[in-house]
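Enquirer:
2 protein chains.
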Amino acid sequence: MRSGGGRDERSEDLQVGRWKPDTSGRLERAAIELYLENGFARTTVPQITERAGVTTRTFFRHFADKRDVLFVGHDELRERVAKTIAAAPPAWSATKAAASGLNIAAAALQSSQDEARDRRSLITATPELRERELIMFAAVAGTISEALIARGVEDRAARAVAEAMVAAFRVAFEYWGEHTERELPQLVDEALDSLKEAFAAVGD
Amino acid sequence: MRSGGGRDERSEDLQVGRWKPDTSGRLERAAIELYLENGFARTTVPQITERAGVTTRTFFRHFADKRDVLFVGHDELRERVAKTIAAAPPAWSATKAAASGLNIAAAALQSSQDEARDRRSLITATPELRERELIMFAAVAGTISEALIARGVEDRAARAVAEAMVAAFRVAFEYWGEHTERELPQLVDEALDSLKEAFAAVGD
DNA sequence: CACTGTGATGACGTTCGGTGTCATCACCAT
DNA sequence: ATGGTGATGACACCGAACGTCATCACAGTG
Numbered sequence: 001m002r003s004g005g006g007r008d009e010r011s012e013d014l015q016v017g018r019w020k021p022d023t024s025g026r027l028e029r030a031a032i033e034l035y036l037e038n039g040f041a042r043t044t045v046p047q048i049t050e051r052a053g054v055t056t057r058t059f060f061r062h063f064a065d066k067r068d069v070l071f072v073g074h075d076e077l078r079e080r081v082a083k084t085i086a087a088a089p090p091a092w093s094a095t096k097a098a099a100s101g102l103n104i105a106a107a108a109l110q111s112s113q114d115e116a117r118d119r120r121s122l123i124t125a126t127p128e129l130r131e132r133e134l135i136m137f138a139a140v141a142g143t144i145s146e147a148l149i150a151r152g153v154e155d156r157a158a159r160a161v162a163e164a165m166v167a168a169f170r171v172a173f174e175y176w177g178e179h180t181e182r183e184l185p186q187l188v189d190e191a192l193d194s195l196k197e198a199f200a201a202v203g204d
Numbered sequence: 205m206r207s208g209g210g211r212d213e214r215s216e217d218l219q220v221g222r223w224k225p226d227t228s229g230r231l232e233r234a235a236i237e238l239y240l241e242n243g244f245a246r247t248t249v250p251q252i253t254e255r256a257g258v259t260t261r262t263f264f265r266h267f268a269d270k271r272d273v274l275f276v277g278h279d280e281l282r283e284r285v286a287k288t289i290a291a292a293p294p295a296w297s298a299t300k301a302a303a304s305g306l307n308i309a310a311a312a313l314q315s316s317q318d319e320a321r322d323r324r325s326l327i328t329a330t331p332e333l334r335e336r337e338l339i340m341f342a343a344v345a346g347t348i349s350e351a352l353i354a355r356g357v358e359d360r361a362a363r364a365v366a367e368a369m370v371a372a373f374r375v376a377f378e379y380w381g382e383h384t385e386r387e388l389p390q391l392v393d394e395a396l397d398s399l400k401e402a403f404a405a406v407g408d
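Protein chains in written order, with this note's numbering: chain A, 1 to 204; chain B, 205 to 408.
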């Protein structure tokens, strides 16, 4: 590889710098391709880096680990969710404020449908990746919980509500992965309605 | 426990067989000791097996991985939860049936308080272990969901309710870890009440 | 135009988690 | 005694992940 320490490159992939540009992007694409082709477990980092034209060490300079590739960008989305909840009218209930945040996330995923569903199928097929997904959702719940507490919701209640609403989101998200005709935001609403109905019966 | 097919045991550690008895138990104890002493990440499997007096290979014959040590026995508890839900009166609501299952788990953990809290502190201190804990809870939610479906609850609603109730349990469980004076079953009830109140406001 | 700093990468070595495989040997049943 | 079984030791191996240093295009400076 390395296209020969090349200062003079006349051939097609004439690159400006010392290295081909967008290393991170090339790694991400190569990784996802290989995960889809051979499965996550049977894909090794050397395979990925070979396809991307870099060394193994470089992979770990861009991603914390093999799984990380599939979870880039979620942090920003989480921030948007937090901001949305913080910006919701103070009069709104905890569930309504949280729901507004989840709507942002649902809309974002809906708009990048194809890519999101690709990742989902990969993740659901691989226990190791499901683990990581659960962590991500836990982080989201944590963020929402904080946002609710900032709105004055009592601590434990905020945690419970945040976790429960994320749970609803997850159920909707999974269903969405298998039913391409449905739209995520509405599925989330339906899940929340289910919970409303079910929890009305708590305590008899 | 095998208690040594013991014909003649005069001195305490006089072993009958070729190997010392209770390998699994010795490994588990050694591992937890070391995790507590040096932290999970800084403990290596060779360290564990050295203390337990076996080879590294043997460790992986008893546990799937380093984390597995802290999650043995949860499968049985999960089964008990499932059976409890299945055995609940058909007239009970989904939440009430599920709550009866969670109560079994809460009571079990409450009764082995000290050990449970030891594990909890280890798990909460280690991201890698939190991951695994999330998987366990996800499995519990899956089991409860199935049990509810078997009771006739509609599929998606069952999933949502199961996940939400496990979420409530988790919140209570965490709080319980920090408030030794409170009892887990009651904390779970309180969390469920929080959800009832909050979700009553869904949909305005 | 030479000089220098910077940042991304290559190259190399190492630790450790985890698996496959085969030989060994107490125990048990016949 | 004889052969089967099951748990373990011993050994080799792969791959993930990290530490470290050298390298070299590029930008900026004078």
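We treat Cβ as the ideally placed atom computed from N, Cα and C, and that holds for glycine. These numbers come from a predicted model, not from an experiment.
(1) In whole angstroms, give me the CA-to-CA distance for residue 240 of chain B and residue 196 of chain A.
(2) Mind reading off the beta-carbon distance from residue 326 of chain B to residue 274 of chain B? Whole number of angstroms is fine, and I expect it under 8 Å.
(3) Roughly how many angstroms separate the alpha carbons of residue 269 of chain B and residue 198 of chain A, rounded to a whole number?
(4) Straight-line CA distance for residue 163 of chain A to residue 120 of chain A?
(5) Between the Cα of residue 50 of chain A and the Cα atoms of A:30, A:38, A:60, A:98, which residue gives the shortest distance?
(6) Rounded to a whole number of angstroms, what is the C-alpha to C-alpha distance between residue 77 of chain A and residue 105 of chain A?
(7) Against residue 275 of chain B, what residues of chain A qualify as contacts under a CB-to-CB distance less than 8 Å, listed in chain order?
(8) When you compare only the Cα positions, how much space is there between residue 381 of chain B and residue 145 of chain A?
(9) Where do the ends of the alpha helix (DSSP H) carrying residue 62 of chain A lie?
(10) Residue 262 of chain B to residue 272 of chain B, Cα distance in whole Å?
(11) Should residue 339 of chain B be flagged as near chain A, meaning a C-beta pair shorter than 8 Å?
(12) Tell me whether residue 250 of chain B is buried or exposed, calling it buried when 16 or more other Cβ atoms sit within 10 Å of its Cβ.
(13) Excluding sequence positions up to five away, which residues of its chain have a Cβ less than 8 Å from the Cβ of residue 124 of chain A?
(14) For the segment 88 to 105 of chain A against the segment 146 to 165 of chain A, are there 3 or more C-beta pairs whose distance is under 8 Å?
(15) Which complete alpha helix (DSSP H) runs does the segment 278 to 356 of chain B hold, if anything under 4 residues is left out?
(16) Helix or strand or just coil, what does DSSP make of residue 374 of chain B?
(17) Using a Cβ-Cβ distance cut-off of 8 Å, determine whether residue 330 of chain B contacts chain A.
(18) Report, in whole angstroms, the separation of the C-beta atoms of residue 202 of chain A and residue 364 of chain B, which I expect to be a contact under 8 Å.
(19) Along chain A, which residues have their Cβ under 9 Å away from the Cβ of residue 360 of chain B?
(20) Determine the direct distance from the alpha carbon of residue 238 of chain B to that of residue 194 of chain A, and round the result to whole angstroms.
(21) In chain A, which residues lie less than 8 Å from residue 309 of chain B when you measure between Cβ atoms?
(22) Are the beta-carbon atoms of residue 330 of chain B and residue 266 of chain B separated by less than 8 Å?
(23) Enumerate in chain order the residues of its own chain whose CB-to-CB distance from residue 389 of chain B is below 7 Å, with the five nearest sequence positions on each side excluded.
(24) How is residue 20 of chain A classed by DSSP in three states: helix, strand or coil?
(25) Relative to the alpha-carbon of residue 336 of chain B, which residue among B:243, B:276, B:256, B:319 has its alpha-carbon at the smallest distance?
(26) Can you name the start and end residues of the alpha helix (DSSP H) that residue 67 of chain A belongs to?
(27) Using a Cβ-Cβ distance under 8 Å, would residue 315 of chain B count as near chain A?
Expert: Here's the rundown:
(1) The alpha-carbon separation between residue 240 of chain B and residue 196 of chain A amounts to approximately 42 Å.
(2) The distance from the Cβ of residue 326 of chain B to that of residue 274 of chain B is about 7 Å, consistent with a contact at the 8 Å cut-off.
(3) So the two alpha carbons sit approximately 38 Å from each other.
(4) Whole-angstrom Cα-Cα distance: 21 Å.
(5) For the residues A:30, A:38, A:60, A:98, the minimum Cα distance to residue 50 of chain A belongs to A:30.
(6) Spanning the two alpha carbons is a distance of roughly 7 Å.
(7) Taking a Cβ-Cβ cut-off of 8 Å, residue 275 of chain B has no neighbours in chain A, whose nearest Cβ is about 13 Å from it.
(8) Those two C-alpha atoms are separated by around 19 Å.
(9) Here the alpha helix (DSSP H) through residue 62 of chain A covers 56 to 62.
(10) Distance between the alpha carbons of residue 262 of chain B and residue 272 of chain B is about 14 Å.
(11) Judged by the 8 Å Cβ criterion, residue 339 of chain B is in contact with chain A.
(12) Exposed, because fewer than 16 other Cβ atoms sit within 10 Å of the Cβ of residue 250 of chain B.
(13) Closer than 8 Å at Cβ, skipping near neighbours: 130, 174, 177.
(14) By the C-beta criterion, the segment 88 to 105 of chain A is judged to be in contact with the segment 146 to 165 of chain A, since at least 3 inter-stretch pairs fall below 8 Å.
(15) Listed in chain order, they are 278 to 291, 298 to 315, 317 to 329, 331 to 354.
(16) Three-state DSSP puts residue 374 of chain B in a helix.
(17) Cβ-Cβ to chain A under 8 Å: no for residue 330 of chain B.
(18) Not a contact, Cβ separation roughly 14 Å.
(19) Neighbours of residue 360 of chain B on chain A, chain order: 171, 172, 175, 187, 190, 191, 194.
(20) Distance between the alpha carbons of residue 194 of chain A and residue 238 of chain B: 46 Å.
(21) Here the premise fails: no neighbours, minimum Cβ distance about 17 Å.
(22) With a cutoff of 8 Å on beta-carbon distance, residue 330 of chain B and residue 266 of chain B are scored as not near each other.
(23) Answer for residue 389 of chain B: 307, 310, 311, 314, listed in chain order.
(24) Three-state DSSP puts residue 20 of chain A in coil, outside helix and strand.
(25) Comparing Cα positions, the closest option is B:276.
(26) Per DSSP, residue 67 of chain A lies in no alpha helix (DSSP H) and is assigned neither H nor E.
(27) Interface flag for residue 315 of chain B against chain A is unset, since no Cβ pair is found closer than 8 Å.
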